[in-house]
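Residue 450 in the numbering used here sits at position 10 of the sequence shown; the count goes up by one each step and never skips. Glycine residues also receive a C-beta, built at the ideal position from the N, C-alpha and C atoms. Accompanying notes for the structure given below.
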Amino acid sequence: MGGAPGVRPAKVVVLGAGNVGWNAAWIAAGMEAEVVLFDKNIDRLRWVDQIQKGRVVTLASNRGAIERNIADADLVIGAVLVAGGRAPVVVSEDMVRSMKPGAVIVDVAIDQGGCVETIHETTHNDPVYNLHGVLHYGVGNMPGAVPHTSTYALTNATLPYQLEVAMFGAGGAARRDAALAHGINTVAGQLTNGPAAEALGMSSGDPVALLTR
């Protein structure tokens, strides 16, 4: 990605500065690519600037800026997330048509429907397709490509919550830990995740109240 003396490096555009987007930008910058990172959260972009000290260009997310930057991008990484809800489409089909032949789109938001209009879900066995001369990668559950490592990572993140539920019961754990309560999606057939309920046209309830009534 870093090119060579006298040769311009690859341009990587990352949409979303959450955990996935930030890590993608960090790795691409470490490979000496030209990296542009978009997000709506200015505080998050300011944090990236403080760490990267100009090695990653941070831009406020808007249609015009995205359109201009992906036109000459070699790699676009979609990492837009609405927790529990459908990802907003921020790259239109016309934008994809404007990209260079042979450019690549990796839509990590595919698990929430994708943030690129031309993306559809693919599999680990058949991960890539070509549309408008652009390679699209839309594998759901991308960490499944490295199951051993991803299982350890997931367990490290979730085991403390499992221990809380084992010790205090679901209701007790939800009362004690707001983060755990926020992560509950359903209780006794009732949705408790607001964005998921909105996406499905259903009502949602309070998980703590449902668990303790």
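Original post:
Are A549 and G518 close, meaning C-beta to C-beta below 8 Å?
Top reply: Yes, these two residues count as a Cβ contact at 8 Å.
Original post:
Any contact of the stretch 492-512 with the stretch 618-638, i.e. 3+ C-beta pairs under 8 Å?
Top reply: no
Original post:
When DSSP labels each residue in this structure, what does G518 get in the three-state scheme?
Top reply: strand
Subject >> Closest by C-alpha distance to E561, when choosing among D547, R486 and G573 >> reply: D547
Original post:
Could you give the distance in angstroms between the alpha-carbon of N481 and the alpha-carbon of G629?
Top reply: 34 Å
Original post:
Quick one: Cα of P528 to Cα of V522, how far?
Top reply: 8 Å
**OP:** For G645, collect the residues of the same chain with a Cβ closer than 6 Å to its Cβ; drop the 5 residues on either side in sequence, then sort them by chain order.
**Re:** Q630 and T632
Original post:
When the Cα atoms are used, what is the spatial distance from N502 to V531?
Top reply: 10 Å
Original post:
Taking just the CA atoms, how far does L640 sit from I559?
Top reply: Taking the straight line from one Cα to the other gives about 21 Å.
Original post:
When you compare only the Cα positions, how much space is there between H564 and I545?
Top reply: 16 Å
**OP:** Compute the Euclidean distance between the alpha carbons of E472 and P445, then round it to the nearest angstrom.
**Re:** Roughly 12 Å between the two C-alpha positions.
**OP:** Could you tell me the distance, in whole angstroms, from the CA atom of A636 to the CA atom of G443?
**Re:** 43 Å
Original post:
In the DSSP assignment, what residue or residues form a beta bridge with L575?
Top reply: BP columns for L575 point to V544 and N570.
Subject >> Distance between V447 and R495 (C-alpha atoms, nearest Å) >> reply: 18 Å
Original post:
When we look at the beta-carbon of D479 and count the other beta-carbons within 10 Å, is it buried (16 or more) or exposed?
Top reply: buried
**OP:** To the nearest angstrom, report how far apart A543 and Q602 are at their CA atoms.
**Re:** Cα-Cα distance, rounded: 42 Å.
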